[in-house]
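Participant: The structure is given below, and queries will be raised subsequently.
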Amino acid sequence: MIKRYKTNILLILILILGASLRLYGLNWDQNQHLHPDERFLTMVTQSLKWPGTINEYLDPDKSLLSPYNVGYSFYVYGTLPLWLTKFVSSFLILDKFDYNNITLVGRLISAMADSLTILFVFLISRRFTNYLFSLLAAFLYAVTVVSIQNAHYFTVDSFANLFAIACFWIIGINPHSRLKKTTVLILAGVFFAFALSSKISSIYILPVYLSFIAVDIIKSRIRIKSFAFYLFFLGVFFLSIYLSLRLIYPIAFESSNILDPRPNAGLLSSIKSLKDMSNEESARGFPPGVQWLTIHRPLTPLINLGLYGIGLGYTLTLVISGILAIIYLIYFMINKLKKYKRVNISQTNL
């Protein structure tokens, strides 16, 4: 009890430290709007309007919560952070919904979202290690430079990060029945949909989730007699993602027909345009792309992140931990396969 009490106190102190670093100096540019992506999101948020009916909200061609319908044909970000900022602003700012206030409210929510991420880092770490290392993980994230920096911007990264790590934590819950496991995967699908509706590139985390779902099912006490059970759980997870996206990111689809999964043509066009801007020929005529002309991907971004974004000590810890995790996973799967073969041989002999 005493150990738990001390751990909670230390965790609260870490959370306070992390929140303080993220909330300090939110108006760091004194309303000059120096961040280009943040400035763009502010303009889009100011242009969005609440729909009059639920049918209008769900219709990507009519919804005024869609950037494509309010004058922004190029838009590749998620819309959930914008909607949250617009909703909260209507309560916090009673006098006027102006350009400067939108940015400050967006930064405030971004800072709070990333502060909550610190808690999820602790909770996830606690599933795999003891209290000391869990507190260390939370502390390292709390003082990570790149996280503190992103939390000071009204951009989508802090939101996507929070929902993605929350989904990871939910997947790690290991109930001992198929019904409870189904409920867990439904919740995980909802949070992953939140991540996608914040930043579409969250899709790249999906293989990690699927791997952990597979390992978790194998390790659980749920008796799986055929591969069909695994397919069932995956089906539940994907169905939850799809239905959630239909509700919280309806403009990502071409139509309001729930049986029509085609993505929005405007979104696909924007993604293609963004991809075209990243090649060398287009970058020379596109000012924001000039900085990438001498970049050697993916080596340069990784070096910058490792040395300046999170620091060398943190980077070495991540590399070593990743290698050990892969070794453990391979060892675990080999042992499971050996045990499975022994059981089959024993049953055959009987």
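Going by numbering that gives the first Met the number 0, the sequence shown opens with residue 0, and the numbers climb by one from there. Think of the CB as a built atom: it goes at the ideal place given N, C-alpha and C, for glycine as much as any other residue.
1. Quick one: complete alpha helix (DSSP H) runs, 4+ long, within the region 62–141?
2. As a quick exercise: from 228, 257, 229 and 227, pick the residue whose alpha carbon is nearest that of residue 241.
3. Which value, in whole angstroms, describes the spacing of the CA atoms of residue 184 and residue 192?
4. Which same chain residues end up closer than 7 angstroms to residue 204 when comparing Cβ atoms and leaving out the 5 residues on each side of it in sequence?
5. Rounded to the nearest angstrom, what separates residue 135 and residue 21 at their Cα positions?
6. What does the Cβ neighbour count give for residue 19, buried or exposed, with the cut at 16 atoms within 10 Å?
7. Tell me where the alpha helix (DSSP H) around residue 38 begins and ends.
8. What span of residues does the alpha helix (DSSP H) with residue 168 cover, start to end?
9. Name the two residues that bound the continuous alpha helix (DSSP H) containing residue 265.
10. When we look at the beta-carbon of residue 311 and count the other beta-carbons within 10 Å, is it buried (16 or more) or exposed?
11. Is residue 88 closer than 9 angstroms to residue 104 when the C-beta atoms are compared?
12. Could you tell me the boundaries of the alpha helix (DSSP H) in which residue 253 lies?
13. Could you give the C-beta distance for residue 80 and residue 167, rounded to a whole number, given that I count them as a contact under 8 angstroms?
14. I need the straight-line Cα distance from residue 228 to residue 215, nearest angstrom please.
15. Using CA atoms only, rank isn't needed, just tell me which of 210, 244 and 248 is closest to residue 232.
16. Compute the Euclidean distance between the alpha carbons of residue 208 and residue 131, then round it to the nearest angstrom.
17. Once the 5 residues before and after residue 235 are set aside, which same chain residues still bring their CB inside 7 angstroms of it?
18. Using a 10 Å radius around the Cβ and a threshold of 16 neighbouring Cβ atoms, would you call residue 1 buried or exposed?
19. Exposed or buried, what is residue 5 when buried is set at 16 or more other beta-carbons lying within 10 Å of its beta-carbon?
20. Which residues in the same chain as residue 239 place their Cβ atom closer than 7 angstroms to its Cβ, once the five residues preceding and following it in sequence are excluded?
21. Excluding the five sequence neighbours on either side, which residues of its own chain have a C-beta within less than 8 angstroms of the C-beta of residue 40, listed in chain order?
22. Let me know the secondary structure DSSP gives residue 60 once reduced to three states.
23. So what's residue 148 in DSSP terms, helix, strand or just coil?
Facilitator: This is what the structure gives:
1. 79–91, 98–127 and 130–141
2. 257
3. 12 angstroms
4. 163
5. 18 angstroms
6. exposed
7. 35–46
8. 156–170
9. 264–276
10. exposed
11. yes
12. Segment: none, residue 253 is in no alpha helix (DSSP H) and carries neither H nor E.
13. Actually they do not touch by this definition, with Cβ atoms about 19 angstroms apart.
14. 13 angstroms
15. 210
16. 26 angstroms
17. 181, 184 and 185
18. Because residue 1 carries a pLDDT of 48, less than 50, the predicted location of this residue cannot be relied on, and the following value inherits that uncertainty. Exposed: under 16 other Cβ atoms inside 10 Å.
19. exposed
20. 184, 185, 188 and 189
21. 76, 80, 81, 105, 153, 154 and 155
22. coil
23. helix
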